[in-house]
Amino acid sequence: MHGSHDVDETDSAFVFEGNWREFAKIAFPNLLLTIVTLGIYRFWATARERRYLWSRTKFVDEHLEWAGTGMELFLGFIIVLVLFGVPYFGLTFIAQSLIVRGYEAVGAGLGFLAILSIFYLGGVARFRALRYRLSRSRWRGIRGGSNDGGFVFGLSYMWKTVVGWIPLGLLVPWSMTSLWNERWNKMSFGPYQFEADAHSGNVFARFLLFYLAPVVMFVGMLIMGGMGMLAGYGFGGEDGMAIGGLVGLIGIVLFFYLGLGLIAVAFYAKFYREAVGSTRWHDLHFSFEASTMDWVKLLIVDALLVVFTFGIGFIFLSYRHWKFFMTHLEAGGEILLDELTQSQTATAKHGEGLLDAFDMGAI
Amino acid sequence: MDEAFRVAAEWYDGTNAVRHSGNLSWDGSGRFSLVAPASQMEFEAADLRFGETRPGKTVYRRKSVPDFRLILPDDIPPGLAAQLPAKSDYGAWVDRMGLGKAAGIFAVVSAAAVALFMTAPDWLGPRIPTSWERNIGEAMVGDFGGRICHTPAGDAALAKLLAKVDPAEEKVRAGVANMDMVNAVALPGGQVLLFDGLVQQAESPEELAGVLGHEVGHVRERHVMTALLRQFGLSILLAGADSGVSNSVFGLASMGYSRDAEREADEYARARMAQSEISPLGAAGFFERMAKEHGDTENSPALVGWLASHPSSGERAKAYRDAVRKGANYPPVLTAQEFEALKSMCREDPDVEEFDFF
Chain D
53 MHGSHDVDET
63 DSAFVFEGNW
73 REFAKIAFPN
83 LLLTIVTLGI
93 YRFWATARER
103 RYLWSRTKFV
113 DEHLEWAGTG
123 MELFLGFIIV
133 LVLFGVPYFG
143 LTFIAQSLIV
153 RGYEAVGAGL
163 GFLAILSIFY
173 LGGVARFRAL
183 RYRLSRSRWR
193 GIRGGSNDGG
203 FVFGLSYMWK
213 TVVGWIPLGL
223 LVPWSMTSLW
233 NERWNKMSFG
243 PYQFEADAHS
253 GNVFARFLLF
263 YLAPVVMFVG
273 MLIMGGMGML
283 AGYGFGGEDG
293 MAIGGLVGLI
303 GIVLFFYLGL
313 GLIAVAFYAK
323 FYREAVGSTR
333 WHDLHFSFEA
343 STMDWVKLLI
353 VDALLVVFTF
363 GIGFIFLSYR
373 HWKFFMTHLE
383 AGGEILLDEL
393 TQSQTATAKH
403 GEGLLDAFDM
413 GAI
Chain S
1487 MDEAFRVAAE
1497 WYDGTNAVRH
1507 SGNLSWDGSG
1517 RFSLVAPASQ
1527 MEFEAADLRF
1537 GETRPGKTVY
1547 RRKSVPDFRL
1557 ILPDDIPPGL
1567 AAQLPAKSDY
1577 GAWVDRMGLG
1587 KAAGIFAVVS
1597 AAAVALFMTA
1607 PDWLGPRIPT
1617 SWERNIGEAM
1627 VGDFGGRICH
1637 TPAGDAALAK
1647 LLAKVDPAEE
1657 KVRAGVANMD
1667 MVNAVALPGG
1677 QVLLFDGLVQ
1687 QAESPEELAG
1697 VLGHEVGHVR
1707 ERHVMTALLR
1717 QFGLSILLAG
1727 ADSGVSNSVF
1737 GLASMGYSRD
1747 AEREADEYAR
1757 ARMAQSEISP
1767 LGAAGFFERM
1777 AKEHGDTENS
1787 PALVGWLASH
1797 PSSGERAKAY
1807 RDAVRKGANY
1817 PPVLTAQEFE
1827 ALKSMCREDP
1837 DVEEFDFF
């Protein structure tokens, strides 16, 4: 079968066909095996979960495939432990013994160096996790990847994050979009590069909302507190005023935490729509349709699921997040199947150890 | 070709995204062939690997061509199915043993590993050569950055006191640290420090002899190495959590011993004091004062780290009081001048450094 696919936008290009009962049959044995192996099985557990999630996700007319293995994730973890964990331990040990001996400045400097290297490696890890995911994801036998090791990205990650915070945090949206672009522009699938040109200008208004909210809330806080006290005074004099003030205060705290959290989610939802929407692959363009309310629902149900199952619901979060991601991800454009040849990027034999060590998500 | 060894198949050759649809057949002697209008290939049955299952389908790979994918329906003629590699679910070991058996074996092995890890400090600590411990101590604290007080008279008084509670040929290294805390520590490498705060509040040299004897007991009974291993094990478990620089110094100072270790160290101190004719009343008085000041609870404030994980002060005061021999007339352990020299040691040492961290 030769030819091309028109990726029609009336039907969703990405369809998730899994269900949680099937996933439970993977997640519960995984949990059991992870516990009895003191966590060592979790690498194999991760591979099993991904194999399930990918294989139940259809892009146009073929399912995705996760070709990563538990063993390579385990090896990645061991490599990171030896290459970075041991030197880091040594460095902090030296720093401590220097401080005990009275060389406080040198010791603190070394400690700072250790923290700086963690910062750098965090950036490298983000890059390599995405690279690893693409290199193990297959569609019609074709995989993705990158020929870049991410070591330059690690430096960009450091300076862009710092610059983002310097002008009182006002450049954070820029650092986020810029890092997204830099990372995706180095990635490819099959023979074609990804291209991303997300603009921070498009998310800046949302960011300002988040940025200015504490000020607005502080004023609101005073008004609410005052009103609470006045109302309380109306009901019961001095005592009423105290109770009213207290109720006002609780209102303020709730408003502050929930309100600020909500606005943070609103910013992130907007950022994600902008970032995915500005990412292209050859003749395909992507979009992400999740609204702020979708994200809020996702997070609230996540929290309820974990709380009401005494934590066991945690094992379903990866399922929920993948489903959320695939439900809202859209793509349109054209794919020429016989031009879609195999990726020539190098593949690492080990997994995303670095990111695993830093415990971050890939996308 | 026999229908029992043929099935409809789809495959991707791995060079591009074009899907090939045709038939897979087995030739009866270890080779598969794939035939489609535009594609044809043959390979050894042993080259085929199980990939994954999808609803109604199974995906196979080839070892020699990692990008190749073969997709077969679930209803395969049994003759052909017997030639295909077995499905794998959990990973090789668990698949072979079965989930229940594997979980059981893993659980037993893990429990043994945990038990070994938890008890390792107790049996491994005393077996680590003293010279190693000395090196570790050297690497960790060295000379404490010149914060140990020295005056000729003070050093002599401390040496005299030490000789009475540490009869061994090679003495532990003892010092008074310029730190205003009521505390004393036994550090890795056989180094014992009395903090100046403790020396200042002491009402008699016998008190100091009790504390010093106790810390020497920790060194001689190899508690330090045990505690160090325990702390090291903990830091492995909490890997990364304890990356703060200054808190580990305090962690070192308040490095905890088990209550049994404390009792052993107390017994060691009382035995040495009895040998050297030192009155246990001083130590008893010290603990009574501590009990009064800090309350006789087991969880004393963290500030009095030396007391923190110890048996309660009241209990210890009683143990020391009971150790007094009836009708004995103990000679003073130090002269008044020697005691005074110990007390003024930190004040009069011009070179000693302040004990602050930043």
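These protein sequence lines are chains D and S, in that order.
Per the working numbering, the very first residue in the first sequence carries number 53; after that it's consecutive.
Per the working numbering, the very first residue in the second sequence carries number 1487; after that it's consecutive.
We put the CB at the ideal spot given by N, CA and C, even for glycine.
These numbers come from a predicted model, not from an experiment.
- prompt: Is the beta carbon of K1829 of chain S sitting closer than 7 Å to the one on V1678 of chain S?
  reply: Taking the second sequence and counting its residues from 1, the one referred to as residue 1829 of chain S is at position 343. Taking the second sequence and counting its residues from 1, the one referred to as residue 1678 of chain S is at position 192. Contact flag unset, no.
task: Give every residue of the same chain whose Cβ lies closer than 6 Å to the Cβ of M18 of chain D, excluding the five residues on either side of it in the sequence, and list them in chain order.
output: Summary: the structure shown does not reach residue 18 of chain D, with chain D confined to residues 53 through 415, and so no result is reported for it.
field: Three-state secondary structure assigned by DSSP to N1509 of chain S
entry: Counting from one through the second sequence, the residue named residue 1509 of chain S turns up at place 23. DSSP places N1509 of chain S within a strand segment (E or B) once states are collapsed to three.
message: Quick check: is the beta carbon of Y1743 of chain S nearer than 7 Å to any beta carbon in chain D?
response: Here residue 1743 of chain S is taken as the residue at index 257 of the second sequence, counted from 1. So no, Y1743 of chain S is outside the interface.
query: Is there at least one Cβ from chain D nearer than 7 Å to F1536 of chain S's Cβ?
result: The residue you call residue 1536 of chain S lines up with position 50 of the second sequence. Chain D contact via Cβ: absent.
Nonlocal neighbours in the same chain, by C-beta distance under 6 Å from G1632 of chain S, ignoring five residues either side: On the second sequence, position 146 is the one that residue 1632 of chain S refers to. Once the five neighbours on either side are set aside, the close Cβ partners of G1632 of chain S are E1839.
field: V1651 of chain S beta carbon less than 7 Å from that of A1695 of chain S
entry: To locate residue 1695 of chain S, count along the second sequence from 1; it is residue 209. To locate residue 1651 of chain S, count along the second sequence from 1; it is residue 165. Judged by their CB atoms, A1695 of chain S and V1651 of chain S are nearer to each other than the 7 Å cut-off.
field: Alpha carbon of G1791 of chain S to alpha carbon of V214 of chain D, nearest angstrom
entry: Mapped onto the second sequence, residue 1791 of chain S falls at position 305. Mapped onto the first sequence, residue 214 of chain D falls at position 162. Unreliable positioning characterises G1791 of chain S in this predicted model, as indicated by a pLDDT of 41, which lies under 50. A coordinate reading is not provided.
query: Cβ of D1553 of chain S less than 7 Å from any chain D Cβ?
result: The residue you call residue 1553 of chain S lines up with position 67 of the second sequence. Yes - at least one Cβ of chain D is within 7 Å of the one on D1553 of chain S.
- prompt: In its own chain, which residues sit with a C-beta less than 6 Å from the C-beta of R1716 of chain S, not counting the 5 before and 5 after it?
  reply: For the purposes of this step, residue 1716 of chain S is taken as the residue at position 230 of the second sequence. Sequence-distant Cβ neighbours of R1716 of chain S in its own chain, meaning closer than 6 Å and more than five residues away, are P1607.
- request: Answer with buried or exposed for W1579 of chain S, where buried requires no fewer than 16 other C-beta atoms within 10 angstroms of its C-beta.
  value: Working through the second sequence from its first residue, we reach residue 1579 of chain S at position 93. Burial call: exposed.
- prompt: Using a C-beta cutoff of 7 Å, does Q396 of chain D count as contacting chain S?
  reply: On the first sequence, position 344 is the one that residue 396 of chain D refers to. No - not a single Cβ of chain S is within 7 Å of the one on Q396 of chain D.
field: Uninterrupted alpha helix (DSSP H) stretches inside the segment 1605-1638 of chain S (no shorter than 4 residues)
entry: Counting only runs of 4 or more, we get 1616-1627.
- request: Would you please state the rounded distance, in angstroms, between the beta carbons of F1773 of chain S and S1799 of chain S? I believe it to be under 8 Å.
  value: Taking the second sequence and counting its residues from 1, the one referred to as residue 1773 of chain S is at position 287. Taking the second sequence and counting its residues from 1, the one referred to as residue 1799 of chain S is at position 313. Contact holds; Cβ gap of about 4 Å.
message: Going residue by residue through the segment 1653-1723 of chain S, where are the continuous beta strand (DSSP E) segments of at least 3 residues, counting only ones entirely within it?
response: Fully enclosed beta strand (DSSP E) runs of 3 or longer: 1659-1663, 1670-1673, 1677-1681.
- prompt: Mapping DSSP to helix, strand and coil, what is T379 of chain D?
  reply: As a position in the first sequence, residue 379 of chain D is number 327, starting the count at 1. T379 of chain D falls in the helix class under three-state DSSP.
- prompt: Taking buried to mean at least 16 other C-beta atoms within 10 Å of its own C-beta, is K16 of chain D buried or exposed?
  reply: Outside the shown range of chain D, which is 53 to 415, sits residue 16 of chain D, and nothing can be said about it.
query: For A1597 of chain S, which of D:K212, D:G329, D:T89, D:P139 has the nearest alpha-carbon?
result: One-based indexing of the second sequence puts residue 1597 of chain S at position 111. Comparing Cα positions, the closest option is D:T89.
message: With three or more C-beta pairs closer than 8 Å as the rule, is the segment 106-119 of chain D touching the segment 184-196 of chain D?
response: Taking a cut-off of 8 Å for Cβ pairs, the segment 184-196 of chain D and the segment 106-119 of chain D touch, as three or more such pairs fall below it.
field: Paired residues, beta bridge with V1493 of chain S - DSSP
entry: Taking the first residue of the second sequence as 1, we reach residue 1493 of chain S at position 7. V1493 of chain S is bridged by DSSP to S:L1510.
task: Starting from the beta carbon of Y1546 of chain S, find every residue of chain D whose beta carbon is closer than 8 Å, and list them in chain order.
output: Your numbering for residue 1546 of chain S matches position 60 in the second sequence. Near Y1546 of chain S there are no residues of chain D at all, since even the closest Cβ is about 12 Å away, more than 8 Å.
message: Suppose contacts are defined by Cβ-Cβ distances below 7 Å. Is E1692 of chain S in contact with G1768 of chain S by that definition?
response: For the purposes of this step, residue 1692 of chain S is identified with residue 206 of the second sequence, where counting begins at 1. For the purposes of this step, residue 1768 of chain S is identified with residue 282 of the second sequence, where counting begins at 1. Taking 7 Å as the Cβ cut-off, E1692 of chain S and G1768 of chain S qualify as a contacting pair.
field: Contact set for D354 of chain D: own chain, Cβ-Cβ below 7 Å, skip 5 residues either direction
entry: As a working note, residue 354 of chain D is residue 302 in the first sequence. Excluding sequence neighbours, D354 of chain D sits near L369, R372.
- prompt: Among D:W333, D:L264, D:L173, D:F308, which residue has its Cα nearest to the Cα of N233 of chain D?
  reply: Numbered from 1 along the first sequence, position 181 holds the residue referred to as residue 233 of chain D. Put simply, of D:W333, D:L264, D:L173, D:F308 the residue whose alpha carbon is nearest the alpha carbon of N233 of chain D is D:W333.
task: For A398 of chain D, I'd like the list of residues in its chain whose CB is within less than 8 Å of its CB, leaving aside the five on either flank, ordered along the chain.
output: Counted from its first residue, the first sequence places residue 398 of chain D at position 346. These residues qualify, in order along the chain: G197, N199.
Within-7 Å CB hit, V88 of chain D to chain S: Numbered from 1 along the first sequence, position 36 holds the residue referred to as residue 88 of chain D. Output row for V88 of chain D: interface = yes.
- request: Take every Cβ of the segment 1561-1579 of chain S, pair it with every Cβ of the segment 1658-1677 of chain S, and state whether three or more of those distances are shorter than 8 Å.
  value: Counting Cβ pairs under 8 Å, fewer than three are found: no touch.
message: Please state the DSSP three-state secondary structure of D1837 of chain S.
response: Start at 1 with the first residue of the second sequence, and residue 1837 of chain S comes out as number 351. It is coil, neither helix nor strand.
task: Within the same chain, show all residues whose beta-carbon is closer than 8 Å to that of V224 of chain D, passing over the 5 residues directly before and after it, in chain order.
output: For the purposes of this step, residue 224 of chain D is taken as residue 172 along the first sequence, with counting starting at 1. Correct list, in chain order: G216, W217, F259.
Pick from S:Y1754, S:M1711, S:N1502, S:A1599 that is closest to L1610 of chain S, judged by C-alpha positions: For the purposes of this step, residue 1610 of chain S is taken as the residue at position 124 of the second sequence. With distances taken between CA atoms, L1610 of chain S lies nearest to S:M1711 out of S:Y1754, S:M1711, S:N1502, S:A1599.
- prompt: How is R192 of chain D classed by DSSP in three states: helix, strand or coil?
  reply: The residue you call residue 192 of chain D lines up with position 140 of the first sequence. Here R192 of chain D sits in coil by DSSP.
task: Starting from the beta carbon of R192 of chain D, find every residue of chain S whose beta carbon is closer than 9 Å, and list them in chain order.
output: As a position in the first sequence, residue 192 of chain D is number 140, starting the count at 1. Within chain S, the residues near R192 of chain D are Y1498, N1502, A1503, V1504, R1505, R1555.
task: Can you say whether L1793 of chain S is buried or exposed, counting buried as having 16 or more other CB atoms within 10 angstroms of its CB?
output: Residue mapping note: residue 1793 of chain S aligns to position 307 of the second sequence, counting from 1. Residue confidence is low: L1793 of chain S scores 44 on pLDDT, short of 50, so the model does not pin down where it sits. No coordinate-derived value is stated.
query: Under 7 Å between the Cβ atoms of N1664 of chain S and D1641 of chain S?
result: What you label residue 1664 of chain S is simply residue 178 of the second sequence in a count that begins at 1. What you label residue 1641 of chain S is simply residue 155 of the second sequence in a count that begins at 1. No, these two residues do not count as a Cβ contact at 7 Å.
query: Looking at C-beta atoms only, is the number of pairs between the segment 1499-1515 of chain S and the segment 74-86 of chain D that lie closer than 8 Å three or more?
result: They do not touch, by the three-pair rule.
field: Beta-carbon neighbours of D390 of chain D, restricted to chain S and to distances below 8 Å
entry: Locating residue 390 of chain D in the first sequence gives position 338, where the first residue counts as 1. Going along chain S in sequence order, the residues near D390 of chain D (Cβ under 8 Å) are N1502, A1503, V1504.
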